[in-house]
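Asker: Here you go, one structure.
Protein chains in written order, with my numbering: chain S, 162 to 276; chain X, 2 to 115.
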């Protein structure tokens, strides 16, 4: 069964700290990995990663994928209270393998930034 | 540009009933995907439509179905509701085909089954 595991499940840090969120996966037909930030209701897209070793960066957020070890990390530097959210990792599956296709999500990391 | 809209925002139904949720994508977007979010299972993919055709489907029973109209608006139907169907149902639209295109989510429909 395809599986996406995120760790830690929750994390509380102080403003200004740097955090690293982890996402590991066991899937049969990997196509890409995506990160989302969810505040209140609808998730917002952060990054899509398809190739190993290439860092994606957007402001204080960055992410990298390791297809050999089957994991990705999301880094947030100089955290702010507005970074408090649930961060979701999802893996897009290639349906040619015959299993369920589409996105498989992890349970998320609940990040709380204290002032 | 208006974002993704979903109607209704809140819905209360009883077991055995059926429900239809609606999603209007961002203008110009042709792909609509549906997700179910529950506290226990997290965010789960239901299906994706592109140009009125279902392109991808997650692991949900046949009670969950959907369709897309020529104007890219999409509806999702759940028949014979069960208590476990209580969830936030999110719709997302994207410009092209494929779930890896940047998806823009709507606010969701909160369904409560009593």
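All C-beta atoms, glycine included, are put in the ideal place defined by N, C-alpha and C.
(1) Of all Cβ atoms in chain S, is any one closer than 8 Å to the Cβ of residue 22 of chain X?
(2) Would you report the Cα separation of residue 37 of chain X and residue 53 of chain X, rounded to the nearest angstrom?
(3) Are residue 239 of chain S and residue 272 of chain S closer than 8 Å when you measure CB to CB?
(4) Taking C-beta to C-beta, are residue 225 of chain S and residue 180 of chain S nearer than 8 Å?
(5) Using a C-beta to C-beta distance shorter than 8 Å, which residues of chain B count as neighbours of residue 104 of chain X?
(6) Suppose you measure from the CA of residue 10 of chain X to the CA of residue 109 of chain X; what does that come to, to the nearest Å?
(7) Are the region 186–199 of chain S and the region 67–87 of chain X touching, with three or more C-beta to C-beta distances below 8 Å?
(8) Using only CA atoms, which one of S:223, S:214, S:174 and S:189 lies nearest to residue 164 of chain S?
(9) Mind pulling the chain S residues with CB within less than 8 Å of residue 17 of chain X?
(10) So, is residue 173 of chain S buried or exposed, given that buried needs 16 or more other C-beta atoms within 10 angstroms?
(11) By the three-class DSSP mapping on this structure, what secondary structure does residue 240 of chain S have?
(12) Using the rule of at least 16 other Cβ atoms within 10 Å of the residue's Cβ for burial, across every protein chain shown, is residue 115 of chain X buried or exposed?
(13) Is it buried or exposed for residue 88 of chain X, if we count other Cβ within 10 angstroms and need 16 for buried?
(14) May I have the straight-line CA-CA distance separating residue 31 of chain X from residue 7 of chain X, to the nearest angstrom?
(15) Please check if any C-beta of chain X sits within less than 8 Å of the C-beta of residue 258 of chain S.
(16) Would you verify that the beta carbon of residue 231 of chain S is, or is not, closer than 8 Å to some beta carbon of chain X?
(17) Does the distance from the C-beta atom of residue 55 of chain X to that of residue 46 of chain X stay below 8 Å?
(18) Give the straight-line distance between the Cα atoms of residue 12 of chain X and residue 213 of chain S, rounded to the nearest whole angstrom.
(19) CA-CA distance, residue 216 of chain S and residue 15 of chain X?
(20) Taking the beta strand (DSSP E) that residue 251 of chain S belongs to, which residues open and close that run?
(21) Looking only at its own chain, which residues have a Cβ that is under 6 Å from the Cβ of residue 208 of chain S, when we skip the five neighbours before and after it?
(22) Mind checking whether the beta-carbon of residue 268 of chain S lies closer than 7 Å to any heavy atom of the ligand HEM?
Answerer: Short version:
(1) For the purposes of this step, residue 22 of chain X is taken as residue 21 along the second chain, with counting starting at 1. No, its Cβ sits nowhere closer than 8 Å to a Cβ of chain S.
(2) For the purposes of this step, residue 37 of chain X is identified with residue 36 of the second chain, where counting begins at 1. For the purposes of this step, residue 53 of chain X is identified with residue 52 of the second chain, where counting begins at 1. Taking the straight line joining both Cα atoms gives about 21 Å.
(3) In the first chain, counting from the first residue as 1, residue 239 of chain S sits at position 78. In the first chain, counting from the first residue as 1, residue 272 of chain S sits at position 111. No; because the gap between Cβ atoms is not below 8 Å, this pair is not in contact.
(4) Residue 225 of chain S sits at position 64 when you count from the first residue of the first chain. Residue 180 of chain S sits at position 19 when you count from the first residue of the first chain. No, the Cβ-Cβ distance between residue 225 of chain S and residue 180 of chain S is not below 8 Å.
(5) Included in the structure are the protein chains S and X, with no chain B among them.
(6) As a first step, residue 10 of chain X is located in the second chain; it is residue number 9 there, counting from the start. As a first step, residue 109 of chain X is located in the second chain; it is residue number 108 there, counting from the start. Those two C-alpha atoms are separated by around 6 Å.
(7) no
(8) Here residue 164 of chain S refers to the residue found at position 3 of the first chain. Residue S:189 is the option with its Cα nearest to residue 164 of chain S.
(9) In the second chain, residue 17 of chain X corresponds to position 16, counting from 1. Going along chain S, no residue has its Cβ under 8 Å from residue 17 of chain X, so there is no contact; the nearest lies around 27 Å.
(10) By one-based count along the first chain, residue 173 of chain S stands at place 12. Answer is exposed; the Cβ neighbour count stays below 16.
(11) On the first chain, position 79 is the one that residue 240 of chain S refers to. Three-state DSSP puts residue 240 of chain S in coil, outside helix and strand.
(12) Your numbering for residue 115 of chain X matches position 114 in the second chain. Residue 115 of chain X is exposed by the Cβ-count criterion.
(13) For the purposes of this step, residue 88 of chain X is taken as the residue at position 87 of the second chain. Looking at its Cβ environment, which holds 16 or more other Cβ atoms inside 10 Å, residue 88 of chain X is buried.
(14) As a working note, residue 31 of chain X is residue 30 in the second chain. As a working note, residue 7 of chain X is residue 6 in the second chain. Rounded to whole angstroms, residue 31 of chain X to residue 7 of chain X spans 16 Å at the Cα level.
(15) As a first step, residue 258 of chain S is located in the first chain; it is residue number 97 there, counting from the start. Residue confidence is low: residue 258 of chain S scores 45 on pLDDT, short of 50, so the model does not pin down where it sits. Its coordinate-derived value is still stated next. So no, residue 258 of chain S is outside the interface.
(16) The sequence position of residue 231 of chain S within the first chain is 70, counting from 1. It does not; no Cβ of chain X falls within 8 Å.
(17) Here residue 55 of chain X is taken as the residue at index 54 of the second chain, counted from 1. Here residue 46 of chain X is taken as the residue at index 45 of the second chain, counted from 1. Not in contact: residue 55 of chain X and residue 46 of chain X (Cβ atoms no closer than 8 Å).
(18) Numbered from 1 along the second chain, position 11 holds the residue referred to as residue 12 of chain X. Numbered from 1 along the first chain, position 52 holds the residue referred to as residue 213 of chain S. Using only the alpha carbons, I get a separation of about 43 Å.
(19) On the first chain, position 55 is the one that residue 216 of chain S refers to. On the second chain, position 14 is the one that residue 15 of chain X refers to. Cα-Cα distance, rounded: 48 Å.
(20) For this step, residue 251 of chain S is matched to residue 90 along the first chain. Segment 246–254, the beta strand (DSSP E) holding residue 251 of chain S.
(21) Taking the first chain and counting its residues from 1, one reaches residue 208 of chain S at position 47. Same-chain partners within the cutoff: 196, 217 and 224.
(22) Only the bare structure without any ligand can be found here, which leaves the ligand HEM out of the picture.
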